[in-house]
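So the protein lines, in turn, are chains A and B.
Residue numbers for the first sequence follow numbering that gives the first Met the number 0, beginning at 0 and rising by one.
Residue numbers for the second sequence follow numbering that gives the first Met the number 0, beginning at 0 and rising by one.
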Amino acid sequence: MAEREKCGDFEIYKDESDGWWVVYDTKKKKRLGKFIDKNSALDKVAFFIQDEKSDEEESEYEETGSVC
Amino acid sequence: MLEQQYINILIFSYNGKSYIYTPETRFFWKISDSELCTNKKRFLSLKELEECCSEKKYQGIIEQINMLKKRKFIIDEKGESKKFEKKNFSFDYLVINPSNECNLDCWFCYAKNERKKENNKLEIEKSKEIIRYFADFKKKRKSETALGISLFYTSDVTLNFEYFREIVLFIEQIKKDYSFPIYYFLPSTNFFSPKQGFVDFVNEYKFLTVTLDSENEEVRKKVIDNLSKIRKEVVKHLIIPIHPMIENLVSLYSYYSKFFDYVSLRILRIESTHPQAWDKRKLSTFLKKIENLIDYLLTLKEKELLEFLKKIGPTDYILRYLNRLLSREKLFTRCPAGLTAVCVSPNSEIYPCSSLIGNEKYKLGVWSKKLNMQELDNDVVKSVEKIKECSSCPIRYICGGPCVDWKEKQSITGNVNKIECEINFRLVELLIYFIDTVNERFPLFFNKYEKEKKVKNKINYSLDLNQFVDFFSM
Ligand code: SF4
Numbered sequence: 000m001a002e003r004e005k006c007g008d009f010e011i012y013k014d015e016s017d018g019w020w021v022v023y024d025t026k027k028k029k030r031l032g033k034f035i036d037k038n039s040a041l042d043k044v045a046f047f048i049q050d051e052k053s054d055e056e057e058s059e060y061e062e063t064g065s066v067c
Numbered sequence: 000m001l002e003q004q005y006i007n008i009l010i011f012s013y014n015g016k017s018y019i020y021t022p023e024t025r026f027f028w029k030i031s032d033s034e035l036c037t038n039k040k041r042f043l044s045l046k047e048l049e050e051c052c053s054e055k056k057y058q059g060i061i062e063q064i065n066m067l068k069k070r071k072f073i074i075d076e077k078g079e080s081k082k083f084e085k086k087n088f089s090f091d092y093l094v095i096n097p098s099n100e101c102n103l104d105c106w107f108c109y110a111k112n113e114r115k116k117e118n119n120k121l122e123i124e125k126s127k128e129i130i131r132y133f134a135d136f137k138k139k140r141k142s143e144t145a146l147g148i149s150l151f152y153t154s155d156v157t158l159n160f161e162y163f164r165e166i167v168l169f170i171e172q173i174k175k176d177y178s179f180p181i182y183y184f185l186p187s188t189n190f191f192s193p194k195q196g197f198v199d200f201v202n203e204y205k206f207l208t209v210t211l212d213s214e215n216e217e218v219r220k221k222v223i224d225n226l227s228k229i230r231k232e233v234v235k236h237l238i239i240p241i242h243p244m245i246e247n248l249v250s251l252y253s254y255y256s257k258f259f260d261y262v263s264l265r266i267l268r269i270e271s272t273h274p275q276a277w278d279k280r281k282l283s284t285f286l287k288k289i290e291n292l293i294d295y296l297l298t299l300k301e302k303e304l305l306e307f308l309k310k311i312g313p314t315d316y317i318l319r320y321l322n323r324l325l326s327r328e329k330l331f332t333r334c335p336a337g338l339t340a341v342c343v344s345p346n347s348e349i350y351p352c353s354s355l356i357g358n359e360k361y362k363l364g365v366w367s368k369k370l371n372m373q374e375l376d377n378d379v380v381k382s383v384e385k386i387k388e389c390s391s392c393p394i395r396y397i398c399g400g401p402c403v404d405w406k407e408k409q410s411i412t413g414n415v416n417k418i419e420c421e422i423n424f425r426l427v428e429l430l431i432y433f434i435d436t437v438n439e440r441f442p443l444f445f446n447k448y449e450k451e452k453k454v455k456n457k458i459n460y461s462l463d464l465n466q467f468v469d470f471f472s473m
């Protein structure tokens with residue numbers, strides 16, 4: 000197994016058995032995918048880091064607020 | 000050569016560490032001190048950055064930023080980003096203020112001026128009609144979002160609790176007529192002289208929010224005494240309005256968390272004529288207090304720090320900034336006032352926010368059975384993209400723009416309130432420093448925090464820019 004390269008919660012490494020690149024989430028302890036080249040693996044990590052899914056607009060509102 | 004010129008990057012140093020923060024994607028990184036020429040400005044556009052980093056020794060950072068752009072960690076705000084869209088017009092929050100009475104006279108009360116006027120009271124049947132009207136409008140609009148209703152923001156609910164209870168029963172009855180959820184929430188109280196009926200209700204409701212003038216000794220004692228009437232299992236949340244000359248923030252959190260499950264500090268919007276009013280000198284004293292708080296937090300061990308943050312409440316001004324930085328959420332507006340929230344005054348007048356009641360400039364209409372809801376459409380609260388100063392501000396999507404009521408209180412006619420901007424900038428800087436320092440010391444801290452506070456932790460990347468760029472370089 001090649002040396003793992005790490006960025007925050009994410010790791011990539013080359014699976015020597017087939018030469019593909021693996022993206023691994025160390026927090027979720029989950030393999031996120033296997034890619035034919037390193038650039039695609041890095042794109043995948045960038046995609047996960049950028050994840051906009053939970054970017055729903057949220058704005059300040061005081062449920063229990065009061066003006067006094 | 001940096002190609003796009005629209006991106007403003009926040010650059011700052013604190014306690015010997017330097018950082019950059021990029022607005023559109025809300026990423027931040029630590030950089031080595033010597034890496035960036037800051038031109039002594041708080042933030043730079045890419046063009047300015049390039050000009051000031053033209054010396055050979057800065058070429059490394061220019062290359063790093065180009066890589067961040069290539070992989071879209073920094074994006075061009077004019078073209079690539081998600082923009083604010085006003086939702087289908089209808090309301091999700093309705094606050095009815097049937098009266099302005101109060102049993103206390105807190106100096107900072109936002110309803111103080113209104114209280115001096117002749118006190119009308121909104122009849123209960125009228126309140127019910129208003130609730131029906133707003134709910135029916137949502138139904139006609141085929142709105143699927145929930146309708147949250149509360150009462151008595153400009154008065155203390157304990158004084159008219161029977162009124163509140165009757166509205167609660169009314170809401171329970173009408174719920175079945177709508178496909179979207181309708182819920183009520185108990186407003187904050189001063190809890191100075193709660194009657195048994197209120198106490199019983201809270202013990203069932205299992206949540207109590209108290210707003211306290213922490214410097215009023217008599218009130219403080221009485222409120223703490225009154226807590227003995229509340230069952231242990233009730234979640235107790237305390238809001239303390241804070242002014243620029245408030246005592247040490249750490250002791251406020253520490254002292255009151257002995258009595259309450261959560262403590263939220265809220266920065267006060269003070270009339271410019273008041274002796275406590277914000278000014279430059281008081282602002283710098285206040286910012287020092289926030290620095291002291293951050294420095295104190297960084298002396299704590301991992302477990303102590305988590306315990307301390309666990310006790311900070313959901314409406315705390317500082318904690319909200321921390322959570323926004325961690326979740327990298329994108330805030331387009333400061334608050335929903337007038338956009339998805341409206342309030343009604345004791346005179347049946349409709350305003351975007353209870354704090355603005357009585358200011359004719361912001362009156363949206365007067366409720367009647369013939370009210371055309373379209374008349375309430377307004378742009379009192381604008382998206383940060385529509386406010387000149389905010390549209391190029393690097394922290395706009397964390398700040399959300401100025402508070403309209405605060406500007407009014409400070410008698411500001413311009414677009415933004417510099418006092419508010421200064422506080423928000425400093426908070427962003429100090430909290431970025433805080434997140435990075437905690438991350439270095441306790442790498443799993445924010446994962447634990449995420450679980451405890453139910454806040455998404457999207458700081459799942461390396462905060463060290465050199466490491467980050469190395470990882471992504473082929
Ligand atoms: S209010 Fe001030 S700090 Fe907030 S986005 Fe506007 S300019 Fe920036």
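Just so it is clear, CB atoms sit at the ideal spot from N, CA and C, and this is done for glycine as well.
In the structure shown, B:Arg333 adopts coil according to DSSP, grouped into three states. For A:Lys37, the closest Cβ of chain B is nearer than 8 Å. Neighbours of B:Thr24 in chain A, taken as residues at a C-beta separation under 7 Å, are given in chain order as Gln49. Taken atom to atom, the span from the alpha-carbon of B:Pro243 to that of B:Arg280 is near 9 Å. Remark: fewer than three beta-carbon pairs, one from each stretch, lie closer than 8 Å, so the region 132-152 of chain B and the region 384-397 of chain B are not flagged as touching. Excluding five sequence positions before and after B:Glu301, the CB atoms of its chain that fall closer than 7 Å to its own CB belong to Phe441, Phe444, given in chain order.
In the three-state DSSP reduction, B:Ala340 falls in the strand class (E or B). In the DSSP assignment, B:Ser149 falls within the unbroken beta strand (DSSP E) covering 146-150.
Only Ile458, Asn459, Tyr460, Ser461, Leu462, Gln466, Phe467, Asp469 from the region 458-469 of chain B bring a Cβ to less than 9 Å from some Cβ of chain A. Look at B:Arg395: its beta carbon is less than 7 Å from one of the heavy atoms in the ligand SF4. Under DSSP, the beta-bridge partners assigned to A:Asp14 are A:Trp19. Under the three-state reduction of DSSP output, B:Arg319 falls in the helix class.
Distance between B:Ser347 and B:Arg219, taken at the CA atoms: about 34 Å. Judged by beta-carbon spacing, B:Leu282 lies within the 8 Å limit of B:Glu421, meaning their Cβ atoms are closer than that value. Rounded to the nearest whole angstrom, the C-alpha separation of A:Ala40 and A:Lys33 is 7 Å.
Within the region 247-323 of chain B, complete beta strand (DSSP E) segments of at least 3 residues are found at 261-266, given in chain order. DSSP places B:Glu359 outside any beta strand (DSSP E), giving it a letter other than H or E. Taken through DSSP and simplified to helix, strand or coil, B:Gly413 comes out as coil.
A distance below 6 Å between beta-carbons, with the five flanking residues on each side excluded, links B:Ile386 to the following residues of its chain, in chain order: Gly400, Asn414. For A:Gly7, a Cβ of chain B is located within less than 8 Å of the residue's own Cβ.
Neighbours of A:Ala40 in chain B, taken as residues whose beta carbon is under 7 Å from its own, are absent, since the nearest beta carbon is some 11 Å off.
Among the CB atoms of chain B, none fall inside 8 Å of the CB of A:Glu2.
Closest in C-alpha terms to B:Glu23, from the list B:Phe471, B:Thr436, B:Gln195, B:Val383, comes B:Val383. With 16 or more other Cβ atoms inside 10 Å of its own Cβ, A:Gly7 counts as buried. Against chain A, the CB of B:Met66 has no partner CB under 8 Å away; the residue lies outside that interface. Spanning the alpha carbons of B:Ile349 and B:Asp135 requires a straight line of approximately 17 Å. The ligand SF4 never approaches A:Val22 closely enough for any of its heavy atoms to be under 7 Å from the residue's Cβ. The residue among B:Phe200, B:Lys46, B:Thr272, B:Ile19 with its C-alpha nearest the C-alpha of B:Ser410 is B:Thr272. With its beta carbon less than 8 Å from one in chain B, A:Lys26 belongs to the interface. If the five residues before and after B:Pro240 are omitted, its C-beta is found closer than 6 Å to the C-beta atoms of Phe107, Arg265, Leu267, all from its own chain and listed in chain order. CA-to-CA, the gap between B:Lys111 and B:Gly59 works out to about 57 Å. Burial of B:Lys408 is indicated by the presence of at least 16 other C-beta atoms within 10 angstroms of its C-beta. Using a Cβ-Cβ cut-off of 7 Å, B:Arg70 is close to Ala45 of chain A, given in chain order.
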